[in-house]
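Colleague: Shown below is the structure under consideration.
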Amino acid sequence: MAAKSVLHNNYFHLGAVVLAASLYFYLGYFVDRSDSAALLCSYGVLFILGLFTYKYSSFSFNQLVALGLFFRLIFLLALPFLSQDFYRFIWDGQLILEGINPYSYTPDMLMQNSRFNSSEMAILHQGMGELSARHYSNYPPLNQLLFALSSWFGQGQLLSSTIAMRLIILVSEIGIAYTGAKILQTLDSNKKHILLWVLNPLVIIELSGNLHFDGVMALGVLCGFYLLLKKRWIWAALAIAASIHIKLIPLVLLPLIWSFLGWTKGLKFTALTIGFVLMGSIPFFNPMLVHHFLDSLSLWFENFEFNSSIFNISQEIGRWISGKNLISQISTVSSIIVFVVTISIALSRQANNMAKLIEMSLWVFVIYFMTATTVHPWYLALPLLLSLFSKYRFMVLWSASVMLSYTAYRQPSVEEIPWVLALEYIPVFGLLVWELKRFQFTSS
């Protein structure tokens, strides 16, 4: 009884908020990704505090959303500390402001031109890293326009541009909180579940802290689902198309939405969505640019591997059998598996109501990331969000354990530790199997 009284004590809640805010400030301004001990210890405490606040806090829903916003604003004046991608974001945005198509040249090419060899561009070029600098941009058109907007706001200044990007992401996260709550209520579920996104340190650190636009993409998906619920097909298609123009992965939703709407409406919706996607690509289009874009995109599927699970096992088996690195072949097989699963669900009409559509979307993304060659922590944002509309919570656990992947950056050369990967994935697979058994998941 005494312990329960402490858990519900307002001063205890206030202390938890102050501690969480202090840790976010510490991470944002004093820690980098090579400091694994500080990062993991701080993150572990933040995750526990987030769950505690979600479960026991006496604050109202709006107050908890405001608290999540406050935690994100702590990073407002900080440069990202776990990712260098933002340098490329600003680079691409600066090119658009200069009237140059960001898909036309690699940064290395442009740095040979004296027009771009300014101190500001040199900082961006060095900051993005060698891998990004020698490849064409692979960020879709709407994302590029957001980069340009941020660069315009920043007027060539690094911190000002990051502040602009952070504000865009913050707005999208507010939209997720309230759109998610509306969908949950429509599905007769507790809107409080969306707080597992709002207060999740993975979302706070990787999206607002490290400026990944997965939250903007997730808002597009969520708005699309909400508009489908309201039978506003054209606006729903526009929202899904916008999410695809942030990151391509929502493309896999189209067969599932087709299944949800039925043959005739599904065909019209798919055609409309693809039409919006193509229209949005016109300002950047020519045949050579498509080649450049696809060439850079294939890099991440066929030449790069990080924090993978089933792929890692497959890779070791393939290496043992053939003596070769089979990343290209295995990634192709994984893509085929995801495609077959998605089409099978669509043809079987399993996604025949909104709850099922969201749940089936979750499983498709889970299968994709479980078999993918590369799983950066921020990639989990969308499946984490979708899981909150279901009865499954293994994604919440994965959002906690995925931060272990940063131990690979403890030294200048990226080197993963097999037992750390096992520590990340075994509990997730265990909870996944337990929940499937508990809820008697079937394909019917």
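Residue numbering for the sequence shown follows this note's numbering, beginning at 1309 and increasing consecutively.
Beta carbons: idealized from backbone N, C-alpha and C, even for Gly.
Put LEU1414 into one of helix, strand or coil per three-state DSSP.
Modeller: Here the sequence assigns Thr to residue 1414, which means Leu is not the residue at that position. The answer is coil: DSSP assigns THR1414 none of H, G, I, E or B.
Colleague: Do VAL1710 and PRO1685 count as a contact pair if the criterion is CB distance below 8 angstroms?
Modeller: Yes, the pair counts as a contact, with Cβ atoms nearer than the cut-off.
Colleague: Going by the CB atoms, is the gap between LEU1492 and HIS1501 shorter than 8 angstroms?
Modeller: yes
Colleague: Give me the Cα-Cα distance between HIS1599 and LYS1745, rounded to the nearest whole angstrom.
Modeller: 45 angstroms
Colleague: Spatial neighbours of VAL1373 within its chain, please: CB distance less than 6 angstroms, with the 5 preceding and 5 following residues excluded, ordered by chain position.
Modeller: ALA1485 and VAL1506
Colleague: Does the separation of the CB atoms of VAL1529 and PRO1558 fall below 8 angstroms?
Modeller: yes
Colleague: Starting from LEU1575 and walking both ways along the alpha helix (DSSP H), at which residues does that stretch end?
Modeller: 1571-1589
Colleague: Check whether the stretch 1423-1431 touches the stretch 1579-1590, taking contact to mean three or more Cβ pairs, one atom from each stretch, closer than 8 angstroms.
Modeller: The stretch 1423-1431 makes no contact with the stretch 1579-1590; the number of CB pairs closer than 8 angstroms stays below 3.
Colleague: Excluding the 5 residues flanking LEU1504 on each side, which residues of the same chain have their C-beta closer than 7 angstroms to its C-beta?
Modeller: TYR1362, LEU1696 and VAL1704
Colleague: For GLY1517 and VAL1741, I'd like the C-alpha separation in whole angstroms.
Modeller: Near 32 angstroms, if we compare the C-alpha coordinates of VAL1741 and GLY1517.
Colleague: Helix, strand or coil, according to DSSP, for ALA1310 in the structure here?
Modeller: Residue placement at ALA1310 cannot be trusted, given a pLDDT of 49 that sits under 50; what the coordinates show is reported in the next sentence. Of the three classes helix, strand and coil, the one that applies to ALA1310 here is helix, per DSSP.
Colleague: Go ahead and label MET1596 buried or exposed: buried means 16 or more other beta carbons lie within 10 angstroms of its beta carbon, across all protein chains shown.
Modeller: exposed
Colleague: Kindly indicate the opening and closing residues of the alpha helix (DSSP H) around TYR1687.
Modeller: Looking at the DSSP string, TYR1687 is not in any alpha helix (DSSP H), and its letter there is neither H nor E.
Colleague: Return helix, strand or coil for PHE1737, following the three-state DSSP convention.
Modeller: helix
Colleague: Applying the criterion that 16 or more other CB atoms from any shown protein chain within 10 Å of the CB defines a buried residue, is VAL1304 buried or exposed?
Modeller: Any property of residue 1304 remains undetermined from this structure, which presents the chain solely from 1309 to 1752.
Colleague: Taking DSSP as the reference, what is the three-state secondary structure of PHE1521?
Modeller: coil
Colleague: From which residue to which residue does the alpha helix (DSSP H) around GLU1613 run?
Modeller: It is not in any alpha helix (DSSP H) - GLU1613 carries neither H nor E in the DSSP assignment.
Colleague: Can you grab the Cα-Cα spacing for the pair ALA1310 / TRP1706, in whole Å?
Modeller: Only weak support is given to the placement of ALA1310: the predicted model assigns it a pLDDT of 49, under 50, and the question is left unresolved by the model.
Colleague: Give the DSSP-derived three-state secondary structure of TYR1534 in the structure shown.
Modeller: Per DSSP, reduced to three states, the secondary structure at TYR1534 is helical.
Colleague: Check whether the Cβ atoms of ARG1657 and SER1567 sit closer than 8 angstroms, and answer yes or no.
Modeller: yes
Colleague: Identify, in the order they occur along the chain, each residue of the same chain with its Cβ nearer than 8 angstroms to the Cβ of ILE1675, setting aside the five sequence neighbours on each side.
Modeller: Hits under 8 angstroms: ILE1645, VAL1646 and VAL1649.
Colleague: Measuring CA to CA, which of SER1330, PHE1333, LEU1327 and ARG1341 is closest to GLN1719?
Modeller: ARG1341
Colleague: Quick check on DSSP: helix, strand or coil for TYR1444?
Modeller: coil
Colleague: Roughly how many whole angstroms lie between the Cα atoms of ILE1651 and THR1578?
Modeller: 14 angstroms
Colleague: Which residue's Cα is closest to the Cα of ALA1386: ARG1474, ALA1549, ALA1689 and ALA1345?
Modeller: ARG1474
Colleague: Within this structure, are the beta carbons of TYR1700 and GLU1732 separated by less than 8 angstroms?
Modeller: no
Colleague: What three-state label does DSSP hand GLU1514 in the structure shown?
Modeller: helix
Colleague: Whole-angstrom Cβ separation of MET1525 and ILE1554, contact assumed at under 8 angstroms?
Modeller: About 4 angstroms separates the beta carbon of MET1525 from that of ILE1554, a gap short enough to meet the 8 angstroms contact definition.
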